[in-house]
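> With the numbering used here as the guide, the letters of the sequence shown map in order to residues 31 to 357.
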Amino acid sequence: MRADILKLLLHSHADGDESSFRKAALQLAAAESTSGHVRVAEEIRAIIAKMPATSTRKTEPVVDIATPRGELADLLEGGHRDERLRDIVLRSDVRELLLRVISENRSRGRLERFGVSPRRRLLFHGAPGCGKTLAAAVLAGEMGLPLMTVRFDALFSRFLGATAIQLRAIFAEMPRRPGVYLFDEFDSVAKARGDSQDVGEMNRVVTAFLQLVDADVSGSILVAATNHVELLDRAVFRRFDVIVPFDTPTREQLVDLLKLRLGTIGLGERDAERLAGNAEGWSFADVVRACDDAVRSMALDDREEISDRDVVAALEELKRRKLPARS
Ligand SMILES: Nc1ncnc2c1ncn2[C@@H]1O[C@H](COP(=O)(O)OP(=O)(O)OP(=O)(O)O)[C@@H](O)[C@H]1O
Ligand SMILES: [Mg+2]
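Below, the structure is given as structure tokens:
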């Protein structure tokens with residue numbers, strides 16, 4: 031394991047990639063710490079702390095001002111969002127809840143005058159393709175904040191010791207850069223905790239996450255999204271102010287989705303109601319994909335209006351390609 035880190039250190043130095051170099055050095059510290067060499071780990075971290083913070087990447091990409099640079103660039107993806115509440119089909123109580131969270135955060139000052147703060151730690155859970163990531167983008171879009179997606183896969187490096195450090199760096203960013211922070215595929219915390227051979231280290235990561243959540247007074251919105259809510263500890267649950275379910279679509283929601291996607295190009299209410307029957311059992315994401323296919327057929331035929339047949343054919347194609355989410 032140590033040899034891998036050393037190779038990474040040398041490679042990143044050779045490439046002049048300071049961000050990777052720092053990361054490798056942090057991993058080295060973590061590996062030392064795991065092996066019980068706490069003093070060596072401390073010394074390495076002290077050296078890293080003295081390294082200049084500026085990134086000297088050779089090819090700096092063109093970035094949105096919301097895009098983090100340097101060490102965080104690999105962990106956080108940021109950007110302003112155009113999605114709005116009108117772009118998402120939601121259960122009415124869930125829509126109310128999100129609207130309420132948005133208003134609370136808009137009226138933060140007023141709430142704080144009375145000693146309460148807006149609810150801003152949200153847990154989104156539910157089946158794949160049912161709008162968790164989209165809803166986070168909608169929150170960001172409605173509040174005029176960037177959506178900062180924390181890449182959990184990147185965070186859980188092979189070297190777990192580095193994970194807690196990276197988490198800390200992300201939380202340190204939250205007060206500096208107000209935004210909606212989406213911890214996507216959040217269950218990887220819990221899953222990794224169960225699977226990992228190094229359970230002690232993983233527990234430290236989870237504990238670090240919970241402490242960081244508790245200590246966070248940034249005012250940024252924190253959204254954790256998961257398909258596997260059952261894997262999460264009670265201790266994790268308690269940290270969230272609002273738990274939001276994202277279910278597979280009901281027949282009514284399928285009608286709304288078809289109208290949302292195809293209403294402006296000629297799909298009427300009746301057609302939508304009939305077609306919804308053909309779409310039952312699929313996720314929102316599947317149906318959106320079929321709608322896009324239908325629009326492609328229409329455009330290729332040089333028509334300006336969608337027909338029933340386009341949608342039926344696209345849904346049939348979807349059925350051929352994969353099994354429904356609910357069977
Ligand atoms: N409730 C919804 N209303 C409208 N469109 C939706 C909805 N849910 C999903 N979609 C469409 O499907 C796409 C994928 O959905 P999204 O990424 O939000 O799913 P998810 O719940 O985050 O899934 P996963 O668990 O796989 O991450 C969206 O970009 C959108 O086009
Ligand atoms: Mg998602």
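All C-beta atoms in this analysis are idealised placements derived from N, C-alpha and C, irrespective of residue type, glycine included.
Given this structure, state the Cα-to-Cα distance separating residue 80 from residue 70, to the nearest angstrom.
Within the sequence shown, numbered from 1, the residue matching residue 80 stands at position 50. Within the sequence shown, numbered from 1, the residue matching residue 70 stands at position 40. Each residue's Cα considered, the two are about 16 Å apart.
> With a cut-off of 6 Å, give the chain-ordered residues whose Cβ is closer than this to any heavy atom of ligand 2.
Here the residues come out as 162, 163, 214 and 255.
> Under a Cβ-count criterion, where at least 16 other Cβ atoms within 10 Å of its own Cβ denotes burial, should residue 209 be classed as buried or exposed?
Numbered from its first residue, the sequence shown carries residue 209 at position 179. So residue 209 ends up on the buried side.
> I need the boundaries of the beta strand (DSSP E) containing residue 107, first residue and last residue.
Looking up residue 107 in the sequence shown gives position 77. Per DSSP, residue 107 belongs to the beta strand (DSSP E) from 106-109.
> Just how far apart, CA to CA, sit residue 351 and residue 311?
Start at 1 with the first residue of the sequence shown, and residue 351 comes out as number 321. Start at 1 with the first residue of the sequence shown, and residue 311 comes out as number 281. Those two C-alpha atoms are separated by around 14 Å.
> Which term fits residue 280, buried or exposed, when burial requires 16 or more other beta carbons within 10 angstroms of its beta carbon?
Numbered from 1 along the sequence shown, position 250 holds the residue referred to as residue 280. Label assigned to residue 280: exposed.
> Could you tell me which uninterrupted beta strand (DSSP E) segments, each at least 3 residues in length, are contained entirely in the segment 121-169, listed from first to last along the chain?
The segment 121-169 contains these whole beta strand (DSSP E) runs: 151-156.
> Suppose you measure from the CA of residue 94 to the CA of residue 163; what does that come to, to the nearest Å?
As a first step, residue 94 must be located in the sequence shown, where it is residue number 64. As a first step, residue 163 must be located in the sequence shown, where it is residue number 133. For residue 94, the predicted structure reports a pLDDT of 46, less than 50, and the residue's modelled location is therefore unreliable. The matter cannot be settled from this model.
> With a threshold of 16 other CB atoms inside 10 Å of the CB of residue 278, please say whether the residue is buried or exposed.
Within the sequence shown, numbered from 1, the residue matching residue 278 stands at position 248. Classification for residue 278: buried.
> Throw me the rounded Cβ distance for the residue 320 and residue 284 pair, which I believe falls under 8 Å.
Sequence index remark: in the sequence shown, residue 320 carries index 290 (1-based). Sequence index remark: in the sequence shown, residue 284 carries index 254 (1-based). Between residue 284 and residue 320 the Cβ distance is about 11 Å, and since that is not below 8 Å, they are no contact.
> Note down, in chain order, each residue of its chain lying with its Cβ closer than 7 Å to the Cβ of residue 91, except the 5 sequence neighbours on either side.
To locate residue 91, count along the sequence shown from 1; it is residue 61. For residue 91, the predicted structure reports a pLDDT of 35, less than 50, and the residue's modelled location is therefore unreliable. The matter cannot be settled from this model.
> Under the three-state reduction of DSSP, which class applies to residue 38: helix, strand or coil?
Indexing the sequence shown from 1 puts residue 38 at position 8. If DSSP states are grouped into helix, strand and coil, residue 38 belongs with the helices.
> Suppose only complete runs of 3+ residues qualify. What are the beta strand (DSSP E) ranges in the segment 254-334, listed by chain order?
The segment 254-334 contains these whole beta strand (DSSP E) runs: 272-276.
> Do you know offhand how far residue 74's Cα is from residue 118's?
Within the sequence shown, residue 74 is the residue found at index 44, counting from 1. Within the sequence shown, residue 118 is the residue found at index 88, counting from 1. Roughly 48 Å between the two C-alpha positions.
> Under 6 Å Cβ to Cβ from residue 87, same chain only, skipping five residues before and after it: list those, please.
Locating residue 87 in the sequence shown gives position 57, where the first residue counts as 1. With a pLDDT of 40 at residue 87, under the threshold of 50, the modelled position of that residue is not reliable, and the figure given next carries that caveat. Excluding residues within five positions, none has a Cβ falling inside 6 Å.
> Label residue 63 either buried or exposed according to how many other C-beta atoms from any shown protein chain fall within 10 Å of its C-beta, with 16 as the threshold for buried.
In the sequence shown, counting from the first residue as 1, residue 63 sits at position 33. Buried, since its Cβ has 16 or more Cβ neighbours within 10 Å.
> Opposite residue 56 in the DSSP bridges: which residues?
Locating residue 56 in the sequence shown gives position 26, where the first residue counts as 1. DSSP output for residue 56 lists no bridge partner at all.
> Would you check if the distance between the CB atom of residue 78 and the CB atom of residue 56 is smaller than 8 Å?
Counting from 1 along the sequence shown, the entry for residue 78 is found at position 48. Counting from 1 along the sequence shown, the entry for residue 56 is found at position 26. The answer is yes: Cβ separation under 8 Å.
> Does the Cβ-Cβ distance between residue 274 and residue 124 come in under 8 Å?
For the purposes of this step, residue 274 is identified with residue 244 of the sequence shown, where counting begins at 1. For the purposes of this step, residue 124 is identified with residue 94 of the sequence shown, where counting begins at 1. Yes. Within cutoff.
> So, is residue 205 buried or exposed, given that buried needs 16 or more other C-beta atoms within 10 angstroms?
Translated into positions along the sequence shown, residue 205 becomes position 175. Exposed, because fewer than 16 other Cβ atoms sit within 10 Å of the Cβ of residue 205.
> Determine, using beta-carbon pairs with one atom in the segment 145-162 and one in the segment 256-270, whether at least three such pairs fall under 8 Å.
Taking 8 Å as the limit for Cβ pairs, the verdict is that the segment 256-270 does touch the segment 145-162.
> Have a look at the DSSP bridge pairing and note the partners of residue 239.
For the purposes of this step, residue 239 is taken as the residue at position 209 of the sequence shown. None, per the DSSP bridge assignment.
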